[in-house]
Amino acid sequence: MHVFASEAYGRLTDTLAREFQRIYPAVTPHVHAMTTREAVVHFVNDSVQTVLIDRPFNGEELNAMKESGREAASTFVAWDALVVAVNMDNRIDSISLRSIEAIVKGEAERWSRVPESRRTDAVEFVTTSQNTGVHEMISRRFGAEAGGLRVFAVGRSQEECVEYVGRSPRAVTIVSLAAVRNRPATVKILPVVTLVDSVSGRPAAVSPSQVTVDSGHYPLCFRLVVYNAERRPATGSGFAAFVLTTAGQKIVQNSGLVPAVPPSRVIQLTSEQ
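With the sequence shown counted from 1, adding 67 to any position gets you the working numbering.
Set out below in structure tokens:
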């Protein structure tokens with residue numbers, strides 16, 4: 068069994084595959100981490116039957132699937148979120164969706180154009196390549212498809228982007244919550260101003276976490292999906308089903324993501340005699 072995974076989830080997919088093999092020793096899984104676009108191209112071209120990616124297929128990809136007569140089953144397996152990471156030396160406590168949009172579109176070329184920041188030097192927006200799911204999600208979410216993202220530097224992975232931010236006080240990146248779990252001590256994650264406080268009536272900032280993603284209060288959430296195109300149910304569909312089991316969802320939760328199937332607890336009710 069071969070599973071192609073978006074690069075940020077290669078380690079998670081490998082952990083899931085190893086546990087799947089422990090339960091079903093006859094299965095020999097091989098996990099390959101790559102950009103989301105690469106995984107999708109291999110899938111559409113029938114080079115692989117199972118992928119775990121961080122975005123749904125776009126219109127172009129769905130049309131290619133239809134023309135080839137290839138059908139795919141999708142399984143929603145986890146929630147993740149886009150997070151804004153800056154250097155600890157950047158005196159900024161939170162950021163609005165409008166300021167994020169200004170940064171990614173190049174409208175805010177200097178930090179002085181970002182109201183929440185007290186810096187005045189140039190903004191260094193770093194992100195991953197156009198073939199990654201994160202890049203595509205940022206473009207779609209902030210309406211930058213036409214003009215493209217205004218990028219200072221491109222990292223080979225989300226972790227590399229985070230490491231760069233840790234070295235440069237001028238830098239900012241937008242990556243997945245999964246990618247910042249083991250971030251350098253010189254990197255901080257910004258709460259996003261999105262809600263109006265019910266008491267004060269003023270805007271409130273929400274920090275990304277498993278709790279705020281699960282509750283829907285954090286605004287930049289997205290789904291992880293397993294696509295499987297086996298003509299008959301086999302190891303790929305079995306793997307997708309395993310990810311939704313209690314054991315699979317526990318691995319998802321331990322990785323810092325939000326399980327698609329919320330964990331349940333049995334509560335014993337007692338009555339007074």
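Glycine included, every Cβ here is placed at the ideal spot set by N, Cα and C.
Tell me which same chain residues have a C-beta within less than 7 Å of the C-beta of P236, skipping the five on either side of it?
Same-chain partners within the cutoff: N154, D156 and N157.
When burial is assigned at 16 or more other CB atoms within 10 Å of the CB, is L324 buried or exposed?
The residue is buried, with at least 16 neighbouring Cβ atoms inside 10 Å.
Express the C-alpha separation of G136 and K255 in angstroms, rounding to a whole number.
Distance between the alpha carbons of K255 and G136 is about 47 Å.
Are the beta-carbon atoms of Q88 and T95 separated by less than 8 Å?
In contact: Q88 and T95 (Cβ atoms closer than 8 Å).
Would you kindly report the start and end of the unbroken alpha helix (DSSP H) that includes A307?
Here the alpha helix (DSSP H) through A307 covers T302 to V310.
Using the three-state DSSP reduction, which class does E212 fall into: helix, strand or coil?
In this structure, E212 counts as coil in the three-state DSSP scheme.
So for D281, helix, strand or coil by DSSP?
Looking at D281 - three-state DSSP - the assignment turns out to be helix.
Using 10 angstroms around the beta-carbon of L257, count the other beta-carbons present and answer buried if the total reaches 16, otherwise exposed.
Its Cβ being crowded by 16 or more others within 10 Å, L257 is buried.
Measure the CB-CB distance between A148 and F289 and report whether it falls below 8 Å.
Their beta carbons are under 8 Å apart, which means A148 touches F289 by this criterion.
At a Cβ threshold of 8 Å, is Y231 touching chain B?
Looking for chain B here will not work: only one protein chain is present.
For R78 versus A152, is the C-beta spacing smaller than 8 Å?
No; because the gap between Cβ atoms is not below 8 Å, this pair is not in contact.
Return the residue from the list A307, T313, I318 and C228 that minimises the CA-CA distance to V70.
Out of A307, T313, I318 and C228, A307 has the C-alpha closest to the C-alpha of V70.
Which word fits V278, buried or exposed, when buried means at least 16 other C-beta atoms lie within 10 angstroms of its C-beta?
Exposed, because fewer than 16 other Cβ atoms sit within 10 Å of the Cβ of V278.
What residue from R185, A169 and I170 has the CA that sits closest to I159's CA?
When each option's Cα is compared against that of I159, the closest is R185.
Starting from R290, follow the beta strand (DSSP E) in both directions and report where the run begins and ends.
Unbroken beta strand (DSSP E) run through R290: C288 to N295.
In three-state DSSP terms, what is P182?
Coil, per DSSP.
What three-state label does DSSP hand K255 in the structure shown?
Three-state DSSP puts K255 in a strand.
If you draw a straight line from the alpha carbon of A271 to that of E191, how long is it in whole angstroms?
One C-alpha to the other measures close to 26 Å.
Can you pull the DSSP bridge partners for S141?
Per DSSP, Y294.
Report the residue from E134, V150 and L129 whose alpha carbon sits nearest the alpha carbon of A140.
It is L129 whose Cα lies nearest to the Cα of A140.
What does DSSP give as the partner residues of S161 in its beta bridges?
DSSP, once it has assigned bridges, lists no residue as partnering S161.
What does a CB cutoff of less than 6 Å around L327 pick up in its chain, not counting 5 residues either side in sequence?
Reading off the sequence shown, one finds Ala at residue 327, where the question assumed Leu. Answer for A327: F143, V144 and A145, listed in chain order.
Would you kindly work out how many angstroms separate the C-alpha atoms of V259 and G200, rounded to a whole number?
Taking the straight line from one Cα to the other gives about 21 Å.
Could you compute how far the alpha carbon of T26 sits from the alpha carbon of S274?
This structure gives no information on residue 26, because the portion of the chain shown stretches from 68 to 340.
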